[in-house]
Every structure is written in C-alpha cells, then in structure tokens.
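Which chain is which? The protein sequence lines are A and B, in order.
So the first sequence is residues 1 to 107, counted in this note's numbering.
So the second sequence is residues 1 to 357, counted in this note's numbering.
Glycine included, each C-beta is placed from N, C-alpha and C at the ideal position.
None of the values given here were measured: they were computed from a predicted structure.
Single-structure report; data block below.
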Amino acid sequence: MARNRKRLTPKEIFFDGKMNIIWQDNTHSIYDYWELRTSCPCADCVDEITGEKTLDDSTIDKDIHPVQSAYIGNYALEILWSDNHDTGIYTFENLRDRYPHEEKPVS
Amino acid sequence: MDPLEQKIKEVFEQIPFGENGSNILEKNVVYSTDIENKKATVVLVITEEYKDLEGDIARKVKEGLKSIDGIDQVAIDIVRSTEEIGAGEQPAHPNPAPPEQANYLENYEHVVLVASGKGGVGKSTVAINLALSLKAIGKRVSLMDADVYGPSIPIMLGVRNEALKLTGSQIKPINKFGIDFISVGNMVKEDQALIWRGPMTHQVIQQILRDSAWPGGDYMIIDLPPGTGDVQLSISQLTSATGAVIVCTPQDVALLDARKAVGMFDKVNIPVLGIIENMSYFVCPKCGAETPIFSKGGAERESKAQNVPFIGRVPIEIDIRLGSDNGEPIVHSMPDSSSAKHFIEMAKTLDKIVQEG
Numbered sequence: 001m002a003r004n005r006k007r008l009t010p011k012e013i014f015f016d017g018k019m020n021i022i023w024q025d026n027t028h029s030i031y032d033y034w035e036l037r038t039s040c041p042c043a044d045c046v047d048e049i050t051g052e053k054t055l056d057d058s059t060i061d062k063d064i065h066p067v068q069s070a071y072i073g074n075y076a077l078e079i080l081w082s083d084n085h086d087t088g089i090y091t092f093e094n095l096r097d098r099y100p101h102e103e104k105p106v107s
Numbered sequence: 001m002d003p004l005e006q007k008i009k010e011v012f013e014q015i016p017f018g019e020n021g022s023n024i025l026e027k028n029v030v031y032s033t034d035i036e037n038k039k040a041t042v043v044l045v046i047t048e049e050y051k052d053l054e055g056d057i058a059r060k061v062k063e064g065l066k067s068i069d070g071i072d073q074v075a076i077d078i079v080r081s082t083e084e085i086g087a088g089e090q091p092a093h094p095n096p097a098p099p100e101q102a103n104y105l106e107n108y109e110h111v112v113l114v115a116s117g118k119g120g121v122g123k124s125t126v127a128i129n130l131a132l133s134l135k136a137i138g139k140r141v142s143l144m145d146a147d148v149y150g151p152s153i154p155i156m157l158g159v160r161n162e163a164l165k166l167t168g169s170q171i172k173p174i175n176k177f178g179i180d181f182i183s184v185g186n187m188v189k190e191d192q193a194l195i196w197r198g199p200m201t202h203q204v205i206q207q208i209l210r211d212s213a214w215p216g217g218d219y220m221i222i223d224l225p226p227g228t229g230d231v232q233l234s235i236s237q238l239t240s241a242t243g244a245v246i247v248c249t250p251q252d253v254a255l256l257d258a259r260k261a262v263g264m265f266d267k268v269n270i271p272v273l274g275i276i277e278n279m280s281y282f283v284c285p286k287c288g289a290e291t292p293i294f295s296k297g298g299a300e301r302e303s304k305a306q307n308v309p310f311i312g313r314v315p316i317e318i319d320i321r322l323g324s325d326n327g328e329p330i331v332h333s334m335p336d337s338s339s340a341k342h343f344i345e346m347a348k349t350l351d352k353i354v355q356e357g
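Put into structure tokens, the structure is as follows:
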C-alpha cells in the first residue's frame, strides 16, 4: 500500500492546554496553541501566490486557544480558534513534518 | 463607561484607604470586579501590613455594592498579594473536545472512489460493473456519479431521462439492478452543459452526500470525474474514503496521468487500493484472437512501480460497449461472459484488499 500512511494518520487527537496527536506509528506529537495558530496556512495568513507569510504574529494573543475542531476527510484538521479564525486547513503532513512541535514515542 | 460600572466606581471611591483621603480604588486595593447575574465578585489585595483593616473594608464594599440597583449578591475574595491570584488555577478556558468526525456517508462500511488521471479510459463502465459485481458477491452497494461535467451513469444504467424525486426533504436515490444511485445527470437536462466554478461543484457534491436518503450498506462506489480537480478535493474533504481505485489504459499517456492521480490521493491521505487496466486487449468477436491495441501490461508495471496492488484487467469487447450504451451493464446482462467474470474476480480482489485494510 502507498507510502507510510501510518506516519500521517492520527490514532487520537486531544487538547489539554496543548494539542496532542498520537499517530498510528505510535509517536506522540505536542503542539503549542500559539505556535499552531501562527502557523496557520490559510489565504488570510499566507499569501496564496508567493507563499509569503502575511500574518503578523504580534497580533495573536498569547492566550489563543482552540474552541472546536473537526477532521477534514482523512488528511487534515480544521480548528476554530478563540479569535474566531477558522479558515486554516492543517494537513497531517504539515503537522507531522513542518509545524513546530515536540515529538516523543508513546510510552 | 456604562452606568453600572460608573456606580461601582463611585462606591469604591468612597471607601477610604491610606493617607491623604485616598481610597481603595486609587491605592489599587480593588484588583478586579466581575458582575454576573446580579452577583458581584470582587477581588481585593490587602497586604499583611493592613490586615487589620480587611474586615472593615470588606463590609463597606459589600454594603456599597449591594445598594446599587442591579447587584443583589456580593462575594469578596481577599488576597495578600497579586501573585496569589491565579496561582494553581488553570487558564480560564476549558479544553476543547477532540475533533469531530464531520464526514458524510458514515452509514457505509466502505467508501471506494473510482478515479482516473485522464478521461475516456472507461472509468464509469468499470465503476458500474464493479458495483454490480460487488452486489453479485453478496454486498449491499450504492453508487454515486460525481462526474458533474460528464455524468454518464444514467445512460449506462438505462435511466437517462428519469428525474430524481424527493422523499421528504431528501433526494431519493434511483434503484436499478439492486443498486441505489444518484447522478448529477438525473438532476439537470441531458444537453445542459454545467459550467461551474469550484464553489458550485462543492455545493452540489455536498448536497448529494448530505441531503440524500442513502440507505447505507457495505460499499459506496463513487465515480469521480477524470483528473485531479475540484470534485476530487470536495469528496476527499467531505468523506472518509476507504480508498481509491485507479482505472487506466495501457498506453504511456494514460499511465502518466494515473501516476498523478496516485500522487493526489497520497496528498489527501486516501490509500490507493489498486489499479485496473481497462481496454487491456481486443478480443476478436469472430475468432477470439487477442490483440493488445494499446500495448500490453503497462498498468501492471506501473502498479509495481507505484507499489500499489494490480486489481485486474478488462478487455475491449463489443459486448461491454453495447451493454453500457443500452443501459444493460455486462455484469447484469451477460453474467456468464468472460468480461463479466473478469469484473467479478476484480470485485473479489478489491473486497479482499479492503477487508485486509
């Protein structure tokens, strides 16, 4: 079957002050809310053509936190943030390989 | 400042604290005041030094606030320093619930997409016959024609002029040969070209997924338009697909596009369940000789290169074409033909791949 899907498929996602993803390859990734919000890839936060970031991080409250979230098909997560921003599609590929996070094996 | 806030401020200003006629507001004794449902909660910072005064101040605050119209109850919290505030407390916001599964077609065990990189490879013919074959091996199957630009399933199932009906407020799938299906072809006039931008196709796909009385079952087969466009993306976002089957013909151009289709499904994390080679070889209806019109074995080689299973091959046969044009798919009309048997075998292979996950 196609490559390494377990790496990019969550087994479980939960929030406890950080966002936690347990991947099917038994890795636990931990994301800081503020870092995740400022990584938002949507067209409001990143220039669609140049790929340049247009979001000014200093406009994001340090206390930013997710209010609600939903899976998008098999490949991404959408998050409604406490600043009412909800247009970002966080692909599992980017969550695993691009956005800042801590990673540890599941104990 | 709103009137209530103004009145509260006046109350605080009348409670003396410190020297020179200063008050508790000026001296930052009042740390915070919250009003909720006519109940005021006041946090006062009174240092060790002024500890003896706290009873008196608390009483004055309580009486003062209670005299305001709009406040019935007063709760007072006294701390020794601002550092005590919030210590050991969690941030004021609760943790959100785990993400929701907002996908449609949840009443199907498996959602299988039939896709191709380019048009004209016989994708719809394969989708229909695969659906009927899964039905023939005992599965409960529905079929959705998501090819909004060239819906051909109504013709192939012999319901080309049948309009969709509503059941309550939902679209009622048409039942033919034991399969429930919905096609955009049954929603618009046949010769009407659909010139839709992305958001419109997304809406139509969403409507078919969400607002239809799908009966549920083992398999939902979705016939996608060719290529890697809006509809593919909508389906990838709105359903939790088990996987995709790629249909292609053996020539290089078709294989190249098939490779792109594999790449797209990788991007949206939908497993490619396998590749089916259509128009694999021509079977002469007179002598039965097999001619590899579009060369041979390309799809099987490609599936090896892509590391995805090869599900099977379908020959070019006049009966398959006639079956599709007459609305009598070959698996239904000629179940004993060699082509029908090919399809049944592929359905079994696909079912095995899906069951093994």
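*Along chain B, in chain order, which residues have C-beta atoms closer than 7 Å to that of A:I72?*
Q237
_Through-space distance from A:R5 to B:T242, alpha-carbon basis_ = 13 Å
_Please report the distance separating the alpha-carbon of B:I275 from that of A:D83._
45 Å
*Note down the Cα distance separating B:G229 from B:V148, rounded to an integer number of angstroms.*
11 Å
_Under 8 Å, Cβ to Cβ, is there at least one residue of chain B near A:G88?_
no
*Grab the span of the beta strand (DSSP E) containing B:Y31 for me, first residue to last.*
30-36
*asked:* Just to confirm, is the Cβ distance from B:V29 to B:D77 under 8 Å?
replied: no
*Run down chain B in chain order and give the residues with a C-beta less than 7 Å from the C-beta of A:V67.*
P96
_Selection of the segment 261-285 of chain B by Cβ proximity to chain A, strictly under 9 Å_ = V262, F265, D266, K267, V268, N269, I270, P271, V272, L273
_Is the beta carbon of B:V268 closer than 8 Å to that of A:G51?_
no
*Cβ of B:Q101 less than 8 Å from any chain A Cβ?*
yes
_Would the segment 280-296 of chain B count as touching the segment 232-247 of chain B if we require 3 or more Cβ pairs under 8 Å?_
no
*Have a look at the DSSP bridge pairing and note the partners of A:P105.*
A:T27
*A:Q68 (DSSP reduced to helix, strand or coil)*: strand
*Look at the alpha carbon of B:M334 and the alpha carbon of B:S142, and state the distance between them as a whole number of angstroms.*
21 Å
*What are the residues of the segment 15-32 of chain A that lie near chain B, defined by any Cβ-Cβ distance shorter than 8 Å?*
F15, D16, G17
_Cβ-Cβ separation, B:G312 to B:M346 (assumed contact under 8 Å), whole Å_ = 4 Å
*Would you mind telling me which residues of chain A sit closer than 9 Å to B:A241, beta carbon to beta carbon, in chain order?*
G73, N74
*Between the segment 197-231 of chain B and chain A, which residues of the former have a C-beta closer than 8 Å to a C-beta of the latter?*
none
_Residues in the same chain with beta-carbon distance under 8 Å from B:D266, minus the five sequence neighbours each way, listed in chain order, please._
V272
*asked:* Cutting at 8 Å between CB atoms, please list the residues of its own chain near B:T47, excluding the five before and the five after it.
replied: R80, S81
_Contacts of B:H93 in chain A (Cβ-Cβ under 9 Å)_ = D63, H65, V67, S82
_Residue from B:E5, B:K66, B:D69, B:S152 whose Cα sits closest to the Cα of B:R321_ = B:S152
*Output, in chain order, the set of chain B residues within a Cβ distance shorter than 7 Å of A:R5.*
N269, P271
*B:V231, buried or exposed, once every other Cβ within 10 Å from all chains shown has been counted against 16*: buried
*Can you round the beta-carbon distance between B:C248 and B:V121 to whole angstroms, since I take them to be within the 8 Å contact cut?*
5 Å
_Can you pull the chain B neighbours of A:L126, defined as C-beta to C-beta under 7 Å?_
The structure shown does not extend to residue 126 of chain A, since chain A spans only 1 to 107, so no value can be given for it.
_Suppose the cutoff is 8 Å on Cβ atoms and the five residues either side in sequence are ignored; what does the same chain contact list for B:K304 look like?_
F310
*Out of curiosity, what's the CA-to-CA distance linking A:S69 and A:K104?*
23 Å
*Option in B:A40, B:K27, B:F17, B:G21 with minimal Cα separation from B:K7*: B:A40
*Residues sharing a beta bridge with A:P10, DSSP*: A:W23
*Would you call B:D223 buried or exposed, if buried means 16 or more other Cβ atoms sit within 10 Å of its Cβ?*
buried
*asked:* For the pair the segment 108-116 of chain B and the segment 211-223 of chain B, tell me if three or more CB-CB distances fall below 8 Å.
replied: yes
*Can you check the segment 69-128 of chain B for any beta strand (DSSP E) of at least 3 residues that lies completely inside it and give the ranges in chain order?*
73-79, 108-115
*Whose Cβ in chain B lies nearer than 7 Å to the Cβ of A:I13?*
P98, P99
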